[in-house]
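Engineer: In terms of our numbering, the sequence shown opens at residue 625 and continues consecutively.
Each residue gets a CB set at the ideal place from its N, CA and C atoms; glycine is no exception.
Can you read through this structure? Questions will come right after.
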Amino acid sequence: MRLNLILDTDNAAFEGDQLGPEVSRIFEDLAKEFSYCTLLDRKLRDINGNTVGSIKWT
Numbered sequence: 625m626r627l628n629l630i631l632d633t634d635n636a637a638f639e640g641d642q643l644g645p646e647v648s649r650i651f652e653d654l655a656k657e658f659s660y661c662t663l664l665d666r667k668l669r670d671i672n673g674n675t676v677g678s679i680k681w682t
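This is the structure in structure tokens:
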């Protein structure tokens with residue numbers, strides 16, 4: 625099984641000093657889902673609710 629993760633950081637939520645914290649926030653959300661085994665293929669969203677990527681098991 626392979627986990628494919630795509631994350632596009634070309635929008636306002638990742639500008640300036642927010643790049644690291646925003647990526648961290650998204651990864652922390654994913655980590656919580658992994659720990660509860662509820663992670664399915666889904667879209668990734670930034671703090672503003674915009675779709676910025678996806679995660680898919682293949």
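Nearest to R669 by CA position, among A637, M625 and N628, is which residue?
Structural biologist: Nearest option by C-alpha distance: A637.
Engineer: Below 8 Å on the Cβ atoms is my guess for V676 versus D641; work out the distance and round it to an integer in Å.
Structural biologist: Their Cβ separation, rounded to whole angstroms, is 17 Å, which puts V676 and D641 out of contact at 8 Å.
Engineer: Just the Cα atoms here: how many angstroms apart are E639 and S648?
Structural biologist: Each residue's Cα considered, the two are about 14 Å apart.
Engineer: For I679, which three-state DSSP category applies?
Structural biologist: In the structure shown, I679 sits in a strand (DSSP, three-state: E or B).
Engineer: Considering just the uninterrupted stretch of the alpha helix (DSSP H) at I650, what are its terminal residues?
Structural biologist: Element bounds for I650: L643 to S659.
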